[in-house]
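Trainee: FYI, numbering that gives the first Met the number 0 numbers position 203 of the sequence shown as 202, with every residue one higher than the one before it. Attaching a single structure in structure tokens format; questions to follow.
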Amino acid sequence: MQLIDIGVNLNHPSFASQREAVLERAYAAGVCQLVLTGTNLDESEAALRLCQELDEGNRLFSTAGVHPHDASQWNSASAAALRGLLKEERVRAVGECGLDFNRDFSPRPQQEKAFEEQLALAVELQRPVFIHERDAGERLLAIVKEFRDRLPAAVVHCFTGERRTLYGYLDLDLHIGITGWICDERRGIHLQELVREIPRGRLMLESDAPYLLPRTLRPKPKHGHNEPAFLPEVLRCVAQHRGESEVDLAEHSTASARQFFGLPPLDA
């Protein structure tokens, strides 16, 4: 089986001394390609550099964008810098961008402005979008709807919402990213039922490492951090709750990710 991890925070400080080892463990576990997440301009540049420095083949790619937490820093210079990053060959999507009305680290009007302008940039450059949403489903749906006909594709990464929100995303023909949240017996139970509602061709898997260590993982790593090598545990849980084989789920979720991000085959 081959898996693609569509969301990895490889430039997180917890990986600083072992990035090569983390990648080797991922490859050994069957994670054949990874998309490194950019959450602001500096982190997006760092993710791109890691792709360039650590990958000699077609295994590492990245996103570039400004997270809603950093939306208060968004301005015309940000847009220009992001446009430049998105023209890099390794950068395959706009994001992580979106709305976070849970923590509200940036004022909501500024979150919406930054998100709308990044969607406009995605339309201009015809890039897919990697979306963050927390407690903002209704407003996010309204904004995305205005751009959807002109966007090539968009994924709601680390989906944890309710049925109504999921159906709204699917009605807009969005992709859905599922993480180890589904393995959490405390807060992921509702997701175990909802995951079967996601059509084939719209479901992708991600670790969101070093966050969201699957709670069902055995044995648990002593360091307590998640990493891409544990994505097969997310695969196992999702397959169980969808009533699919792991082989079948791996095949169609990997095909969806490769098409969404325009990833080349490994022998290219």
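The beta carbon of each residue, even a glycine, is placed where N, CA and C say it ideally should be.
1. Fully enclosed by the segment 164-245, which alpha helix (DSSP H) runs are 4 residues long or longer?
2. Enumerate in chain order the residues of its own chain whose CB-to-CB distance from Leu190 is below 7 Å, with the five nearest sequence positions on each side excluded.
3. Alpha carbon to alpha carbon, what distance is there between Gly83 and Tyr26?
4. What does DSSP give as the partner residues of Asp69 in its beta bridges?
5. Could you check what DSSP says for Gly114 in three-state terms: helix, strand or coil?
6. Considering only residues of the same chain and omitting the five flanking positions on each side of Ala267, which have a CB-CB separation below 8 Å?
7. In terms of residues, what are the limits of the alpha helix (DSSP H) holding Ser61?
8. Is it buried or exposed for Phe104, if we count other Cβ within 10 angstroms and need 16 for buried?
9. My understanding is that Leu169 touches Arg201, with C-beta atoms under 8 Å, so please give their C-beta distance in whole angstroms.
10. Enumerate, from N- to C-terminal direction, the unbroken alpha helix (DSSP H) stretches of 4 or more residues contained entirely within the segment 95-158.
11. Report all residues from its chain with a CB closer than 7 Å to the CB of Gln51; omit the five preceding and five following residues, and keep chain order.
12. Considering only DSSP beta bridges, list what Leu35 is partnered with.
13. Considering Cα atoms alone, identify which of Glu245, Asp69, Ala228, Pro67 is closest to Arg235.
14. Per DSSP, which residues does Val93 bridge with? Please list them.
15. Can you tell me whether DSSP reads Leu40 as helix, strand or coil?
16. Do Gln117 and Gly167 have their CB atoms nearer than 8 Å?
17. Under a three-way DSSP split, which group does Leu262 fall into?
18. Beta-carbon within less than 7 Å of Arg241's beta-carbon, same chain only, minus the 5 sequence neighbours each way: which residues are those?
19. Does the contact criterion of 3 or more C-beta pairs under 8 Å hold for the segment 25-43 versus the segment 211-222?
Mentor: Let's see:
1. 188-193, 230-241
2. Thr159, Trp180, Ile181
3. Across the structure, Tyr26 and Gly83 are spaced so that their CA atoms are roughly 30 Å apart.
4. Bridge partners of Asp69: none, in fact.
5. It is Phe, not Gly, that sits at residue 114 in the sequence shown. Of the three classes helix, strand and coil, the one that applies to Phe114 here is helix, per DSSP.
6. Residue placement at Ala267 is flagged as unreliable, the pLDDT there being 46, under the threshold of 50; the coordinate-derived value follows with that caveat. Contacts found: Asn57.
7. Note, Ser61: premise wrong, no alpha helix (DSSP H); beta strand (DSSP E) at 59-63.
8. exposed
9. 7 Å
10. 107-124, 136-146
11. Arg89
12. Val7, Ser61
13. Glu245
14. Ala63, Val128, per the DSSP bridge assignment.
15. helix
16. no
17. coil
18. Val194, Arg195, Leu248
19. no
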